[in-house]
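Here is the structure we will look at.
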Amino acid sequence: MRYAMAIDLDRCTGCHACSVACKVENNLPNGIWWNRVMTVGGESMDTPEGKFPNLRMEFLPINCQHCENPACVKACPVGATYKRKEDGIVIQNYDKCIGCRYCMVACPYSGVRQFNWKEPEYAIEVAMGDAAVEPHQYNVVEKCTFCSHRLAQDLKPACIDTCPNRARFFGDIDDPNSDVSKAIKGRSYFHLLEEKGTKPSIYYLT
Amino acid sequence: MAVQTNVSVQNRKENSLITPWNIIFAVLVLVGVFCWGLQLTKGLQITNLGTTNMWGLYIVGFMISTGVAAGSLLFASVPYLFNLDEFKPYTRIAAYLGAIASIVAASLFIIVDIGNPERVWLFITSGNFTSPMFWDFLILACYMVLSVIFTRQLIQVQEGKKEESSVKPIAVISFIAGILVVVTSFVFSFQVARPLWNNPVQPISFLFSALVAALTVQMILAVLLNKSGYIRMPMNLVGKMAKITAALLCLELIIVVAEVLMGLYPGAGSEYEAIMWLVAGEGAVGFWLELVVLVAAVIFLGKAGSSKGSGVVVGALLALVAIYLIKSNFLQVELFNPLISYAGPPVYGGTTGPYVPNLIEIGLALGIISFGALLFNFGLKKLNLGNGKTGK
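Protein chains in written order, with the working numbering: chain A, 1 to 206; chain B, 207 to 598.
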């Protein structure tokens, strides 16, 4: 069994709802984003590529790619980041992380791993999201967990359920009847930086 | 009676560790401790590091002090392996410098860089054998042990308690360990995410830098200790070291220029853009300064044979600055030009560079170097490292 995610780029409108759902669900501290919708081509976020009237806008949501051959797992000097054997999710153990940030250096998908440079601060006083989310720690690296706390409750990751355009699909890639397997069937797709040999579990449908 | 008192006072003065320089170093250590305290209480946010440039001055300090440690071990072992008798009297200082540098490099620059220094013991209890950083930790631990044993054995030889031939085994091991500084480069060069580091020239470049860093510190020490009479190293030997350093810096220059030209030649693409960032973008000041200092260091050191000690010291200091800039630019050009650089929601410290360490980082780094200097001066006073006492 290996969890995977498919993101249909033709359906993504760059609304950032998945990013916000992730932030709320996981009670992410200020300045931390586990899932970011990047603007392809534009000079800054949500700006088009090209010159008027020949403009074009494309988006690329990026979160941890939960690679089959993760560079971060190899790099971590103390084994604080590891791949779960039962479902292939790459987990970050906050209690073990020494905060050396080598995983951030090793990961080709820049920015999906983020470091708590200061004591976590939050937008509102009360905690948001699921109480089962592990508390955020100071001085450690954190990243997308594929909402492992929701998977434990037979729920899909928050970004999947929230996407208003149904651009995101999730499930066991080894099961041909799973949502993700059905979503990629017959479609052309790519993996991000496939040439790096990390074998990501995110399928970008085109 | 009065004469005797004067002599004892003078002896006490000579043996005293309280010298103006040591007081300055001690103050700088306190400054470093204060900066570290601030960093521990307020977090690494008080440095100029960020999500894009997650590594900075501390890692460069780590690279350079690892280089000094490895280069010192090589410098201490080569005279015994290749029978260079003229350098043998100075190997004790080199081996001791190796010990200090490895302790400073391994324990301090890494400890201040990591977010949770109280978890550093996990390197021992939970080391990950696939991590180049763990390999580096093992190599540095070896450096500490080897350089301490090597220093002790060389002192015993000097005092006539041991035959010179008996140090050959540790010299061989130290030589191999010194060459293994290439493992430090693996921390960087094994990362597929960082194409500009991910090439076989980096291990060679790290070896050259290690030798340059060690030789420059040895040359500065040689001039200073010659002045104080602690050792009597002929200037022609210092000149030889200067020329070797100049030659190694020329090789580094070739590597730097080749990297830049190879990046620029395609005229487009991610490597081209990264190199453009370095030569004509945000990193340009650092890069051109690196080239100027590198060439200046080569000229000063190349002429060192015909000049007095001051020329060597200036050349050596320029070489150290050049090595700092080479390593700092090597780090920045890659970190500020990641493989994925689309515009998106802002992250902490997601700047486009360049990175310049702030006063907290500089204060902490100076504190660490000063701590090393204090340990070194302590060794000079308490251990038989110079040309003074001999058992023969």
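Glycine included, C-beta positions come from ideal geometry on N, C-alpha and C.
Given the structure is predicted, the values throughout are model-derived calculations rather than measurements.
What in chain A is Cβ-close to L328 (chain B), meaning under 7 angstroms? V78, K96 and I98
DSSP on E194 (chain A), reduced to helix/strand/coil? helix
Could you name the residues of the same chain whose beta carbon sits closer than 7 angstroms to that of A158 (chain A), not counting the 5 residues immediately before and after it, in chain order? A21, C22, E25, C147 and R150
Go ahead and label I437 (chain B) buried or exposed: buried means 16 or more other beta carbons lie within 10 angstroms of its beta carbon, across all protein chains shown. buried
Would you kindly check if the distance between the Cβ of V180 (chain A) and the Cβ of M5 (chain A) is under 8 angstroms? yes
Ignoring anything shorter than 4 residues, give me the alpha helix (DSSP H) runs that lie fully in the segment 120 to 189 of chain A, in order along the chain. 148 to 151, 158 to 162 and 179 to 184
Report the residues of the segment 155 to 184 of chain A with a CB closer than 8 angstroms to any CB of chain B, ordered along the chain. none
Please compile the residues from chain B whose C-beta is within a distance smaller than 7 angstroms of the C-beta of V126 (chain A). Result: empty, since nearest Cβ-Cβ is about 23 angstroms, beyond 7 angstroms.
Distance check for I320 (chain B) and E465 (chain B), CA to CA, integer angstroms please. 30 angstroms
Using only the alpha-carbon positions, how far apart do L443 (chain B) and F315 (chain B) sit? 32 angstroms
DSSP puts K83 (chain A) in a beta bridge; with which residues? A:V90
Please report the distance separating the alpha-carbon of C241 (chain B) from that of G249 (chain B). 11 angstroms
Can you tell me whether DSSP reads F115 (chain A) as helix, strand or coil? strand
Does the segment 452 to 467 of chain B touch the segment 524 to 534 of chain B, meaning 3 or more C-beta pairs lie closer than 8 angstroms? yes
At least one CB of chain B closer than 8 angstroms to the CB of A123 (chain A): is that the case? no
Selected residue, minimal CA-CA separation from G99 (chain A), among A:Y109, A:T47, A:A75 and A:E121: A:A75
Give, in chain order, every residue of the segment 238 to 262 of chain B whose Cβ lies closer than 8 angstroms to some Cβ of chain D. Given the protein chain composition of this structure (A and B), no chain D is represented.
Identity of the residues DSSP links to N54 (chain A) by a beta bridge: A:K51
Length of the line joining the Cα atoms of Y548 (chain B) and M38 (chain A): 6 angstroms
Less than 6 angstroms between C-beta atoms, sequence neighbours within five positions excluded: which residues of the same chain meet that for C67 (chain A)? T198, K199 and P200
Taking the straight line between their C-alpha atoms, what separation do you get for V373 (chain B) and Q92 (chain A)? 47 angstroms
Cβ of I343 (chain B) within 8 angstroms of any chain A Cβ: In the sequence as displayed, the identity of residue 343 (chain B) is Phe instead of Ile. So yes, F343 (chain B) belongs to the interface.
Spatial distance of I7 (chain A) from Y204 (chain A) (CA atoms): 5 angstroms
Residue range of the beta strand (DSSP E) that includes R36 (chain A): R36 to V40
Close Cβ partners of L459 (chain B) (< 6 angstroms) along its chain, the five nearest in sequence each way excluded: L500
Any idea which residues DSSP pairs Y203 (chain A) with across the strands? A:A6
Give the DSSP bridge partners of P61 (chain A), in chain order. A:V37
Assigned secondary structure, A399 (chain B) (DSSP; H/G/I helix, E/B strand, else coil): coil
Length of the line joining the Cα atoms of F169 (chain A) and A183 (chain A): 7 angstroms
Stretch pair the segment 257 to 273 of chain B + the segment 568 to 577 of chain B: three plus CB contacts closer than 8 angstroms: yes
Is the beta carbon of C107 (chain A) closer than 8 angstroms to that of V140 (chain A)? no
Nearest by alpha-carbon distance to S11 (chain A): which of A:K51, A:N27, A:P61 and A:E43 is it? It is worth fixing the name first, because residue 11 (chain A) is Arg in this sequence and not Ser. Among A:K51, A:N27, A:P61 and A:E43, the Cα nearest to that of R11 (chain A) belongs to A:P61.
Would you call the segment 265 to 280 of chain B and the segment 373 to 387 of chain B touching, i.e. three or more CB-CB distances under 8 angstroms? yes
So, does the CB of Y554 (chain B) fall closer than 8 angstroms to a CB anywhere in chain A? yes
Residue environment, E370 (chain B), which counts as buried when at least 16 other CB atoms sit within 10 Å: exposed
Out of curiosity, what's the CA-to-CA distance linking G31 (chain A) and L417 (chain B)? 42 angstroms
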